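Quick notes on the structure that follows.
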Amino acid sequence: MRENRTIVEYLAAVQAHLASLGATERDDALAELESLLRVEAERIGEMAAVDAVGDPADYAAGILEALDFDAAADAEGRPVPQGHVLGMPYDFRGASVERIGSRVWNPADPRILMPRMFGVGWTINLGAIAVKLGLIRPDDVGDESYDRIPRVALAMVLVLPVLLVAMALVILLIAWPSLPAELPIHWGVSGHPDDWAPRAWVVGVLLALAILPPLLSYPRLLRRGTPARSRLLAAAALGMAATLAFGIAVVTVADANGGASGNWVLLVVLGMFAVPFLMLYVPLRLGLRAEWRAAVPTNGEGD
Amino acid sequence: MARVRDERASQFRKGALELVILALLDRGELYGVEIVDRLAERPGLEASAGTIYPLLSRLKKAGVVDTTWRESPVGPPRKYYRLSPAGASELTEMTRSWRDIAAAIDDVLTGGADDA
Chain A
237 MRENRTIVEY
247 LAAVQAHLAS
257 LGATERDDAL
267 AELESLLRVE
277 AERIGEMAAV
287 DAVGDPADYA
297 AGILEALDFD
307 AAADAEGRPV
317 PQGHVLGMPY
327 DFRGASVERI
337 GSRVWNPADP
347 RILMPRMFGV
357 GWTINLGAIA
367 VKLGLIRPDD
377 VGDESYDRIP
387 RVALAMVLVL
397 PVLLVAMALV
407 ILLIAWPSLP
417 AELPIHWGVS
427 GHPDDWAPRA
437 WVVGVLLALA
447 ILPPLLSYPR
457 LLRRGTPARS
467 RLLAAAALGM
477 AATLAFGIAV
487 VTVADANGGA
497 SGNWVLLVVL
507 GMFAVPFLML
517 YVPLRLGLRA
527 EWRAAVPTNG
537 EGD
Chain B
4 MARVRDERAS
14 QFRKGALELV
24 ILALLDRGEL
34 YGVEIVDRLA
44 ERPGLEASAG
54 TIYPLLSRLK
64 KAGVVDTTWR
74 ESPVGPPRKY
84 YRLSPAGASE
94 LTEMTRSWRD
104 IAAAIDDVLT
114 GGADDA
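Chains A and B, in that order, are what the protein sequence lines are. As numbered in the working numbering, residues 237 to 539 make up the first sequence, in order. As numbered in the working numbering, residues 4 to 119 make up the second sequence, in order.
Given below as structure tokens:
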């Protein structure tokens, strides 16, 4: 075991065993190991510190196992945040369909507040809300329910975010001449704007934020063979972003024309949850009904 | 002190819950609410729906249980769970490990291990 490696050599050896990891996770793990080794080296010397950590292959295997554990817990529907900051969970890995599924729509888990998919804070488990409202039972929706969603319903859900973004675009284009040179970019708790920016900047950023997510996601979503579950969950996430963009467009235009109030803002926030909720619940309800009809031919829905 | 004891008991229970559910399903298929109720009948094994449903979903994904929709006299069809062939051998394995561990712990608790 005693090979008298330097910290740099040891890190390179561990890195070689982590080839299967994503670059971010690998760099994080190595950075953590390096700082640990440097602290130990101060105390007991570089060679002894490296020696104390043991075989690089074993250390790498330990890292892989720890990350796998998180992935497995994630897949079985118990969302685990990467850690906590100021008492709030955080997660800076990209939003995968599995993560959307386990957090935004997870009827089996009764928690309404889930660790957020990306960033700091919580997200709302719409599946738990559907169960609390008595709309579905915790184990009603399975993989088959997604596969039995009528094609038309799935197509409509996929079109809705695009439609909302297109409507936001049209509203902003039509209202452009009537917009003042400076537009509000931040609203206080009372619903009144408290910060402004030039209109070209505001509208440009708003449109970029509205158009980019669908533009990046749809090529993958529409590819042949993408499972219905991935399509529905991703569409609902895009629907939430599109509702926000549409809402901000409407509030901005209404505000410029003297019609916006605190209620508009509240309505946008409500819509951000109501729209994805309906985008998930309605197709899944139809899929579930088809599943029941196939399994219990004598009785349709029964309620 | 009581709280520490409760937490300890809950750790034990979590590990045993999967085994208990598989054993219940070995005697016949059950739907979700029935599983929750059967466990609630046994003091020490009660678990909330919020614990049981994610566990059932995991067992289904792992192929240990299968599900079937069956008509219900009241309301919409119910999802019934039953052991899959893989689940039956899993149950045998888990039962054996459980007995081994229980016997070993018992041995230590009664002081028998000191003689070994």
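Virtual Cβ for every residue (Gly too), placed ideally from N, Cα, C. Small disclaimer: the values here were computed from a predicted structure and weren't measured.
| Query | Result |
| --- | --- |
| Could you check what DSSP says for Ala417 of chain A in three-state terms: helix, strand or coil? | coil |
| Do you know how far the Cα of Met476 of chain A is from the Cα of Arg521 of chain A? | 20 Å |
| Please return the same chain residues whose Cβ sits closer than 6 Å to the Cβ of Leu469 of chain A, not counting the five positions on each side in sequence. | Val333, Ile336, Gly337 |
| What separation, rounded to the nearest whole angstrom, lies between the Cα atoms of Gly313 of chain A and Ala478 of chain A? | Reliability of the predicted coordinates at Gly313 of chain A is poor, the pLDDT of 47 falling under 50, and the value obtained from them is presented with this limitation in mind. When rounded, the distance between both Cα atoms is 26 Å. |
| Measure the C-alpha to C-alpha separation of Arg61 of chain B and Val36 of chain B and round it to an integer number of angstroms. | 17 Å |
| Using only the alpha-carbon positions, how far apart do Phe482 of chain A and Gly258 of chain A sit? | 35 Å |
| Which class does Leu33 of chain B belong to by DSSP, given the choice of helix, strand or coil? | strand |
| Along the region 46 to 61 of chain B, where does the CB come closer than 8 Å to a CB of chain A? Name the residues. | Ser51, Ala52, Gly53, Tyr56, Pro57, Leu59, Ser60, Arg61 |
| At 4 residues or longer, and completely inside the region 348 to 406 of chain A: list those alpha helix (DSSP H) runs for me, N to C. | 362 to 368, 379 to 383 |
| Counting only C-beta atoms, is Val532 of chain A closer than 9 Å to chain B at any point? | yes |
| Does any CB atom of chain A fall closer than 9 Å to the CB of Gly66 of chain B? | no |
| Taking all protein chains shown into account, do 16 or more other C-beta atoms lie within 10 angstroms of the C-beta of Trp437 of chain A, making it buried, or fewer, making it exposed? | exposed |
| Is the distance from the Cβ of Ala572 of chain A to the Cβ of Leu254 of chain A below 9 Å? | The displayed coordinates of chain A run from 237 to 539. Any statement about residue 572 of chain A would go beyond what the structure contains. |
| Short of 9 Å Cβ to Cβ, which residues in the region 455 to 482 of chain A face chain B? | none |
| Any idea if Ile484 of chain A is buried or exposed, counting beta-carbon neighbours within 10 angstroms, 16 or more meaning buried? | buried |
| With a 10 Å radius around its C-beta and 16 neighbouring C-beta atoms as the bar for buried, classify Asn342 of chain A as buried or exposed. | buried |
| According to DSSP, is Ala248 of chain A part of a helix, a strand, or is it coil? | helix |
| Shortest alpha-carbon distance to Ala391 of chain A belongs to which of A:Leu457, A:Met508, A:Ala526? | A:Leu457 |
| Can you have a look at Trp528 of chain A and say buried or exposed, based on whether 16 or more other CB atoms are within 10 angstroms of its CB? | buried |
| Would you be able to state if there are at least three C-beta pairs under 8 Å between the region 80 to 88 of chain B and the region 54 to 70 of chain B? | yes |
| Pull the bridge partners of Asp431 of chain A from the DSSP assignment, please. | A:His422 |
| Give the DSSP-derived three-state secondary structure of Thr98 of chain B in the structure shown. | helix |
| Please list, in chain order, all residues of the same chain as Ala411 of chain A whose beta carbon is under 6 Å from its beta carbon, the five residues on each side excluded. | Val489 |
| Leu48 of chain B and Val23 of chain B: beta carbons closer than 9 Å? | yes |
| Between Trp72 of chain B and chain A, is the shortest Cβ-Cβ distance under 9 Å, so that the two count as touching? | yes |
| Assuming Ala404 of chain A contacts Leu419 of chain A (C-beta within less than 8 Å), just tell me the rounded distance between them. | With a Cβ gap of about 14 Å, Ala404 of chain A and Leu419 of chain A do not count as contacting. |
| Grouping DSSP H, G and I as helix and E and B as strand, with all else coil, what is Thr54 of chain B? | helix |
| Helix, strand or coil, according to DSSP, for Arg521 of chain A in the structure here? | helix |
| Quick one: which residues of the region 359 to 381 of chain A get their C-beta closer than 8 Å to a C-beta of chain B? List them in chain order. | Arg373, Pro374, Asp375, Asp376, Gly378 |
| What residue range is occupied by the uninterrupted alpha helix (DSSP H) comprising Arg335 of chain A? | 333 to 339 |
| So with CB distances below 8 Å, who are the chain A contacts of Gly35 of chain B? | Arg373, Pro374, Asp375 |
| Against Glu527 of chain A, what residues of chain B qualify as contacts under a CB-to-CB distance less than 8 Å, listed in chain order? | Trp72 |
| Suppose the cutoff is 7 Å on Cβ atoms and the five residues either side in sequence are ignored; what does the same chain contact list for Ala366 of chain A look like? | Pro343, Ile372, Tyr517 |
| Count the other CB atoms within 10 Å of the CB of Arg102 of chain B; is the residue buried (16 or more) or exposed (fewer)? | exposed |
| Around the Cβ of Val532 of chain A, are there at least 16 other Cβ atoms within 10 angstroms (buried) or fewer (exposed)? | buried |
| I'd like the list of long-range same chain contacts for Ala288 of chain A, defined as Cβ closer than 7 Å, with 5 residues on each side in sequence excluded. | Glu276 |
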